Amino acid sequence: EAGVAQSPRYKIIEKRQSVAFWCNPISGHATLYWYQQILGQGPKLLIQFQNNGVVDDSQLPKDRFSAERLKGVDSTLKIQPAKLEDSAVYLCASLLGSAYNEQFFGPGTRLTVL
Amino acid sequence: KQEVTQIPAALSVPEGENLVLNCSFTDSAIYNLQWFRQDPGKGLTSLLLIQSSQREQTSGRLNASLDKSSGRSTLYIAASQPGDSATYLCAVSYSSASKIIFGSGTRLSIRP
Numbered sequence: 001e002a003g004v005a006q007s008p009r010y011k012i013i014e015k016r017q018s019v020a021f022w023c024n025p026i027s028g029h030a031t032l033y034w035y036q037q038i039l040g041q042g043p044k045l046l047i048q049f050q051n052n053g054v055v056d057d058s059q060l061p062k063d064r065f066s067a068e069r070l071k072g073v074d075s076t077l078k079i080q081p082a083k084l085e086d087s088a089v090y091l092c093a094s095l096l097g098s099a100y101n102e103q104f105f106g107p108g109t110r111l112t113v114l
Numbered sequence: 001k002q003e004v005t006q007i008p009a010a011l012s013v014p015e016g017e018n019l020v021l022n023c024s025f026t027d028s029a030i031y032n033l034q035w036f037r038q039d040p041g042k043g044l045t046s047l048l049l050i051q052s053s054q055r056e057q058t059s060g061r062l063n064a065s066l067d068k069s070s071g072r073s074t075l076y077i078a079a080s081q082p083g084d085s086a087t088y089l090c091a092v093s094y095s096s097a098s099k100i101i102f103g104s105g106t107r108l109s110i111r112p
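One line per chain: the protein sequences are A and B, in this order. Just so you know, we're using this note's numbering here: the first sequence kicks off at 1 and counts up by one. Just so you know, we're using this note's numbering here: the second sequence kicks off at 1 and counts up by one.
This is the structure in structure tokens:
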């Protein structure tokens, strides 16, 4: 079974530029999560999708971050414009929907904002 | 506020030692608790998942315990090896399919 795929793996941009990340979850997984992990900290949820609907985006900085999952499969996360403090690893995870809530994580995208 | 704390933040031990990593959580009404491993520049690998009704889970040299009443979990690593060097993250969830709340991790280094 293929895992969660993310691209790009690394991205370097200057502040005020825009950037987009892509995630393809495990086939058949209805729930998709985007987490932000700042160096030295644990991941923090940005947004959770159930199929193509948003379940939780309470910690998403909506003035600059946006995410979509139009067909209930893959998802994109966008930052516009980026700030220095957005430098982090952006992790995507997916969940089949079983009772165990075992989320499977992708390798992440490491973003550096200069 | 639901928070997860991990102590210590970093740990260095010689190869072969048994060691314990600690995790505490403020809200004891958890749905489950997971221990993850994260290697530098990599994603998260789930090591053990303990349901709220369970007290421990074992996988190879790893054993995780859960004490909901005290809001604590420990990850026991037996006969540590240099390949165990990584950051270990504890995380809790409060319902099926809900977000996971992570601790800041313990960075473990095993000296040959």
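From the three backbone atoms N, C-alpha and C, an ideal C-beta is built for every residue, glycine too. All figures in this text were calculated on a predicted structure; none of them were measured in a lab.
Same chain, Cβ closer than 7 Å to residue i, neighbours up to 5 away in sequence not counted
i, result
"Phe104/A", "Gly3, Val4, Ile26, Ala93 and Ser94"
"Ser46/B", "Gln34 and Phe36"
"Ala86/B", "Arg37, Gln38, Asp39 and Leu108"
"Leu51/A", "In the sequence on display, residue 51/A carries Asn and not Leu. Answer for Asn51/A: Ala30 and Gly72, listed in chain order."
CB contact check: residue i to chain B, cutoff 7 Å
i, result
"Phe105/A", "yes"
"Thr120/A", "One cannot answer for residue 120/A here, as it falls past the ends of chain A, which runs 1 to 114."
"Pro43/A", "yes"
"Asn101/A", "yes"
"Gln48/A", "yes"
"Leu95/A", "yes"
Residues that DSSP places opposite residue i in a beta bridge
i, result
"Ser75/A", "Cys23/A"
"Thr112/A", "Ile12/A"
"Arg37/B", "Thr45/B and Tyr88/B"
"Asn32/B", "Gln51/B and Ser93/B"
"Glu56/B", "Ser65/B"
Chain-order list of residues whose beta-carbon lies under 6 Å from that of residue i (same chain, five-residue window excluded)
i, result
"Asn18/B", "Ala78"
"Val89/A", "Gln37, Gly108 and Arg110"
"Leu84/A", "Lys15 and Val113"
"Ser18/A", "Gln80"
Any C-beta of chain A under 7 Å from that of residue i
i, result
"Leu80/B", "Inspection of the sequence shows that residue 80/B is occupied by Ser rather than by Leu. Ser80/B does not count as touching chain A."
"Ala86/B", "no"
"Gly43/B", "yes"
"Ala29/B", "no"
"Leu49/B", "yes"
Limits of the beta strand (DSSP E) - the one that residue i falls within
i, result
"Leu44/B", "Leu44 to Gln51"
"Val55/A", "Gly53 to Asp56"
"Ala5/A", "Ala5 to Ser7"
"Ile47/A", "Lys44 to Gln50"
"Asn101/A", "Where Asn101/A is concerned, there is no enclosing beta strand (DSSP E), given that its DSSP letter is neither H nor E."
"Arg107/B", "Thr106 to Arg111"
"Gln37/A", "Thr31 to Gln37"
"Leu75/B", "Arg72 to Ile77"
"Pro81/A", "Element bounds for Pro81/A: n/a, residue is neither H nor E."
"Gln6/B", "Val4 to Ile7"
"Ser24/B", "Leu19 to Phe25"
Buried or exposed (CB count within 10 angstroms, at least 16 for buried), residue i
i, result
"Lys99/B", "buried"
"Ser12/B", "exposed"
"Val54/A", "exposed"
"Leu91/A", "buried"
Cβ-based neighbour list, residue i, same chain, cut-off 8 Å, excluding 5 preceding and 5 following
i, result
"Ser59/B", "Leu47 and Leu48"
"Glu56/B", "Ile50, Asn63, Ala64, Ser65 and Leu66"
"Gly42/A", "none"
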